[in-house]
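J.: Residue numbers (my numbering), protein chains in the order written: chain P, 125 to 742; chain A, 58 to 233.
Laid out in structure tokens, this is it:
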């Protein structure tokens, strides 16, 4: 059942107005944008036919920037102002970033999220990521010569709430309408599964530049159900580069002290590592402290350095099998994703673990973006109804702090989203009128070992004896994996709620302000933009409502139908004007006026689905 | 079909403990295919909100129905024998002795194989207890008896979580 089938002939006002929606893989090392064109998902190239955009941003004088290849080319000479692997800093505090002394950046410790000092001022990881996203958005808009309807952005499955929120903020800052955040391994499974018409249980092993995910998915006729997921949000090919650079520096008795040398040692390490995916011997060669340095590296040497890191991914894979309660022989295939899975050692060890040769017939760099594009196309209403459904899970448990610094888990990891769950708490002191609520994420029992997501207070509880108040705390995780929490005292009805927006996440007003300052729309008049957006929304709602009336008008009485039609007409009249706020209000009124109708249609759809099922069973 | 319907009605299943897991899973996917917010991505806030409510409700019912212990607890409550697990912790002496023996065995197990062996033993006991619960609910009409057994099973369940945590620390190779 679809309340809206915009692609049905005769319903869309203009058949050429196909909505352009893209999938974006915002990677540690590279980023890509893909879209479905002529029914096929493909990655969009830049004007030099390159699909990979290096995730690198260089800040120049006077607010200018270089992004991608240009930034990478200049990195060796300007390491401090050229930010790479920024994904590793998303939603992190300074203390969270391991091995930062080896990085050529000047970190700025600030409450919430770390920032990086550049010659153009302090930049948060959200701002740096937004530059990359804005560049990809531009690429897509140039390709299609139209504005984008929206984007699906991928995040590591193991990203916590703070990292997801930071990613969503970056996309908003880049002027993208985020249709959905989806997990990278899930996106890869979609592209792989649809391409190979696969059914059954699959594992996706995703080792990128800075993050590792392992997911088990069950594929059933277009439904992609995540059974269990695990990983490490701070483990990737970068760590292998660091290990190799340290080893090579020691081998030649050199020390990398300044930003340029640190970066040079890493760049040489990555080049040697990549060469060793084909060859059995390579050279680590670079200039340190003004002197040329060369160290011969064998594949055995690289394997010895990488092995402890790869072992960590194997432990996570074993845990996911236990969590999913499946044996390794039930897994029908292991899809390898992420550039680091090109390493022979990784392929060998993962094949050994699962007792079968891993699948390497996908492009490990592109498959995530392609899956995101397929989902974006479906969410934009371009795909045929009922083709694709993703049922994802939260990778990390969510809970509350209780007495003694302990965590009370409210939603367990690997629970399918969207999900809502409530738990009751009580006061522990006589006459207590307020309660502090501290929301945490993680698997450990101690609050100090979990990530703190938000704190808020429920005030105005009527004084009662200890234990008499009944405070119901509700956690809700939406389909993006983002959390909101509310608390309500049951006897008095006092309420408090937060959308968990970590203290360092950008507030909506801040984003609006940055947009206004021309961060990504230097040449665009904000008022014109908001008017256009309001009109598009009004048109979309009116269209959806008309289609719904045509399909299921029989559910309404004549008066109800007349009332809704009047609202549609009114919305159209106001949308012809130039007052964005009035249009938004009209759209809100239309949404409210059709809520009961939407609910009735939902009920009818479910009844029909169940009825159809019963007939099948007979 | 309403949000307030009980789990069994929502999934179109007979109200009993015995259940076909594959059928339940298929029904869940079918319901999510109808109600998931992604199905209404092109529509306004009202449709999104309703879809979200429904998707959450369907997932809640699925979580409860697919877990034999939660399903049993739900049935006990619906048949007038709520567990009251917080206030009612009385257990037969034999069961407590058994628990203590298991805990000791877990403390003494020094290899992944030993822990896995213990887990298999506990799983077999759990399975037998669940069969008894199902019999009491589906055949004997003994909800209070089933509730007592479910309370005992909650201890077993917690113990198996401790075993799982121990296995995570030992990190054995996956079974074939």
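Don't be surprised by glycine CBs; every beta carbon is placed ideally from N, CA and C.
1. Where does residue 105 of chain A fall in DSSP's three states?
2. Counting only the same chain and skipping the five closest in sequence on each side, list residues whose C-beta sits under 6 Å from that of residue 85 of chain A.
3. On the DSSP bridge assignment, give the partners of residue 329 of chain P in chain order.
4. Can you tell me the Cα-Cα spacing of residue 111 of chain A and residue 611 of chain P, whole angstroms?
5. How would you list, in chain order, the residues of chain A whose beta-carbon sits under 9 Å from the beta-carbon of residue 255 of chain P?
6. Taking all protein chains shown into account, decide if residue 732 of chain P is buried (16 or more other Cβ within 10 angstroms of its Cβ) or exposed.
7. Count the other C-beta atoms from every protein chain shown that fall within 10 angstroms of the C-beta of residue 574 of chain P, then say buried if there are 16 or more, exposed otherwise.
8. Assuming residue 254 of chain P and residue 294 of chain P form a contact by the criterion Cβ under 8 Å, report the distance between their Cβ atoms to the nearest whole angstrom.
9. Roughly how many whole angstroms lie between the Cα atoms of residue 140 of chain A and residue 366 of chain P?
10. Counting only beta-carbon atoms, is residue 606 of chain P nearer than 8 Å to chain A?
11. I'd like to know whether the C-beta atoms of residue 689 of chain P and residue 710 of chain P end up nearer to each other than 8 Å.
12. Nearest to residue 224 of chain A by alpha carbon, out of P/281, P/476, P/444?
13. Applying a beta-carbon distance threshold of less than 8 Å, which residues of chain A neighbour residue 443 of chain P?
14. Could you check what DSSP says for residue 377 of chain P in three-state terms: helix, strand or coil?
15. Looking at C-alpha atoms only, which residue of P/258, P/180, P/728 is the closest neighbour of residue 678 of chain P?
16. Grab me the residues of residue 224 of chain P's own chain with a C-beta within less than 8 Å of its C-beta, minus the 5 sequence neighbours each way, in chain order.
17. Using a Cβ distance threshold of 8 Å, determine whether the stretch 369–379 of chain P contacts the stretch 341–356 of chain P, with at least three qualifying pairs required.
18. Taking the beta carbon of residue 705 of chain P as the centre, do at least 16 other beta carbons fall within 10 Å, making it buried, or is it exposed?
19. Whose C-beta lies closer than 6 Å to the C-beta of residue 647 of chain P among residues of the same chain, with five residues either side of it excluded?
20. With a floor of 3 residues, list each beta strand (DSSP E) that falls wholly inside the stretch 467–540 of chain P, ordered by position along the chain.
21. Taking beta-carbon pairs under 9 Å, can you tell me which members of the stretch 90–101 of chain A lie near chain P?
22. Heavy atom of the ligand GTP less than 7 Å from the Cβ of residue 485 of chain P, yes or no?
23. Please report how far the alpha carbon of residue 341 of chain P lies from the alpha carbon of residue 557 of chain P, in whole angstroms.
24. Which parts of the stretch 395–425 of chain P are runs of the beta strand (DSSP E), unbroken and 3 residues or longer, counting only runs that do not cross its ends?
25. Quick one, are the C-beta atoms of residue 393 of chain P and residue 369 of chain P less than 8 Å apart?
26. Tell me the DSSP bridge mates of residue 348 of chain P?
27. Taking CB distances under 8 Å as the criterion, tell me whether residue 88 of chain A reaches chain P.
28. In three-state terms, what does DSSP make of residue 229 of chain P?
29. To the nearest angstrom, how far is it from the Cα of residue 180 of chain P to the Cα of residue 199 of chain P?
30. Residue 337 of chain P: buried (16+ other C-beta within 10 angstroms of its C-beta) or exposed?
31. When you compare the stretch 283–299 of chain P with the stretch 599–614 of chain P, are there three or more beta-carbon pairs, one atom per stretch, that lie closer than 8 Å?
32. Note down, one range per segment and in chain order, each alpha helix (DSSP H) of at least 4 residues found wholly within the stretch 142–198 of chain A.
33. Express the C-alpha separation of residue 448 of chain P and residue 521 of chain P in angstroms, rounding to a whole number.
34. Could you list which residues in chain P have their beta carbon closer than 8 Å to that of residue 109 of chain A, in chain order?
35. Between the alpha carbons of residue 464 of chain P and residue 518 of chain P, how many angstroms are there, rounded?
36. Does the CB of residue 730 of chain P have a neighbour CB from chain A at under 8 Å?
T.: According to the data block:
1. helix
2. 119
3. P/338, P/460
4. 21 Å
5. Ordered by position in chain A, no residue passes the 9 Å Cβ test against residue 255 of chain P, which lies about 27 Å from the chain.
6. exposed
7. buried
8. 4 Å
9. 55 Å
10. no
11. no
12. P/444
13. 225, 228
14. coil
15. P/728
16. 218, 231
17. no
18. exposed
19. Note that residue 647 of chain P scores 43 on pLDDT, short of 50, meaning its location in the model is unreliable; the coordinates nonetheless yield the value given after this. Counting only Cβ-Cβ distances below 6 Å, and skipping sequence neighbours, we find nothing.
20. 513–515, 522–526, 530–535
21. 90, 91, 92, 93, 94, 95, 96, 97, 98, 99, 100, 101
22. No copy of the ligand GTP occurs in the structure displayed, which carries no ligand at all.
23. 46 Å
24. 405–412, 415–422
25. yes
26. P/343, P/514
27. yes
28. coil
29. 9 Å
30. buried
31. yes
32. 150–165, 169–192
33. 15 Å
34. 542, 602, 603
35. 25 Å
36. yes
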